[in-house]
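Undergrad: Before we start, here is the structure in question, set down as structure tokens.
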């Protein structure tokens, strides 16, 4: 069945704004016309896409599934249009990347200054999630590439490039000052409260395996969704936990954190750029990708 792509555009705006009136205004149309197109699209797809509510609309299950695809397609078309209309395709356009918190603070923020100075017309959209969700979006075509931290599992269609190695350390708040003396076995620390990334994250799985190898089960007293929440909780003495050494260093030097020495070698970690081998990148995205890889190659 041939469906007018303009209908999908109208559906995209309605789903994006969650309100038919706002969508109509953004489209330069009117509410009756937008409503008519949505009803026509529902008829053509033989399913209901929207549910009217007092404060706007919500998507049905079919509507959510359709929007997930339409959003990606619309962004690709918008990006292509911006680049084709640009006078210098390499120095303009939009790049969409997925970045974890740790990768952002350890690597990306530093190199962004130089890139934006050289390519100020390239716009960058940064999506922040845990590694598994970022890789899922990349596989679905929603991102140009990803900057994530190990560990992760990749399909054969994906390629990764290491740009930075980093170490993690075990840290605690000043309330646990006594833990800074001597070197500890993990089993000797199991009765202390632990703070860390929760189930469903690659970091949790990494340390769960690390604990098991040391004869201890990982039991977190506080699970967080993103790594930027770990250090504030530890500083406030809610427990002990692992953090990237470079991120913890200012707090360690200021006396807000205590380093807890452990006898076991902590897992090695790195920041890597992941891209889909089978999907081409725009000139803007390829420029940014190569710039990051070059910066990574200069790291010791």
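Numbering (this note's numbering), first residue to last: 2 to 301.
We treat Cβ as the ideally placed atom computed from N, Cα and C, and that holds for glycine.
A quick note: this is a predicted structure, and the numbers were derived from the prediction, not measured.
1. Reducing DSSP to helix, strand and coil, say where residue 151 ends up.
2. For residue 80, count neighbouring C-beta atoms within 10 Å of its own C-beta (all shown protein chains included) and say buried if the count is 16 or more, exposed if not.
3. For residue 157, count the other beta carbons within 10 Å of its own beta carbon; 16 or more makes it buried, fewer makes it exposed. Which is it?
4. Report all residues from its chain with a CB closer than 8 Å to the CB of residue 70; omit the five preceding and five following residues, and keep chain order.
5. Bridge partners for residue 160 per DSSP, in chain order?
6. Return the CA-CA distance between residue 58 and residue 51, expressed in angstroms with no decimal places.
7. Once DSSP output is grouped into helix, strand and coil, what is the label at residue 131?
8. Considering Cα atoms alone, identify which of 173, 289 and 300 is closest to residue 124.
9. Hey, could you find the ends of the alpha helix (DSSP H) residue 29 is sitting in?
10. What number of angstroms, rounded off, separates the C-alpha of residue 99 from the C-alpha of residue 238?
11. Based on the DSSP output, what are the partners of residue 222 in its beta bridges?
12. I'd like to know if the region 152 to 168 and the region 269 to 284 are in contact, where contact means that at least 3 CB-CB pairs between them fall below 8 Å.
13. Contact defined as beta carbons within less than 8 Å: I believe residue 155 pairs with residue 263. What is the distance between those atoms, to the nearest angstrom?
TA: Inspection of the coordinates gives the following:
1. The residue you call residue 151 lines up with position 150 of the chain shown. Three-state result, residue 151: coil.
2. Position 79 of the chain shown, counted from the first residue, corresponds to residue 80. Label assigned to residue 80: buried.
3. Residue 157 sits at position 156 when you count from the first residue of the chain shown. The residue is exposed, with fewer than 16 neighbouring Cβ atoms inside 10 Å.
4. Walking along the chain shown from the start, residue 70 turns up at place 69. Excluding positions up to five away in sequence, the list is empty.
5. Locating residue 160 in the chain shown gives position 159, where the first residue counts as 1. Per DSSP, 276.
6. As a working note, residue 58 is residue 57 in the chain shown. As a working note, residue 51 is residue 50 in the chain shown. One alpha carbon belongs to residue 58, the other to residue 51, and they sit about 6 Å apart.
7. Here residue 131 corresponds to residue number 130 of the chain shown, with the count starting at 1. In this structure, residue 131 counts as coil in the three-state DSSP scheme.
8. Within the chain shown, the letter at position 123 stands for residue 124. The candidate whose alpha carbon is nearest that of residue 124 is 289.
9. Start at 1 with the first residue of the chain shown, and residue 29 comes out as number 28. Premise fails: residue 29 is in no alpha helix (DSSP H) and is neither H nor E.
10. As a first step, residue 99 is located in the chain shown; it is residue number 98 there, counting from the start. As a first step, residue 238 is located in the chain shown; it is residue number 237 there, counting from the start. Rounded to the nearest angstrom, the two C-alpha atoms are 31 Å apart.
11. If you number the chain shown from 1, residue 222 lands on position 221. Within the DSSP secondary-structure output, residue 222 pairs in no beta bridge.
12. yes
13. Residue numbering aside, residue 155 sits at position 154 when the chain shown is read from its first letter. Residue numbering aside, residue 263 sits at position 262 when the chain shown is read from its first letter. At roughly 30 Å, the Cβ-Cβ gap does not stay under 8 Å, so residue 155 and residue 263 are not in contact.
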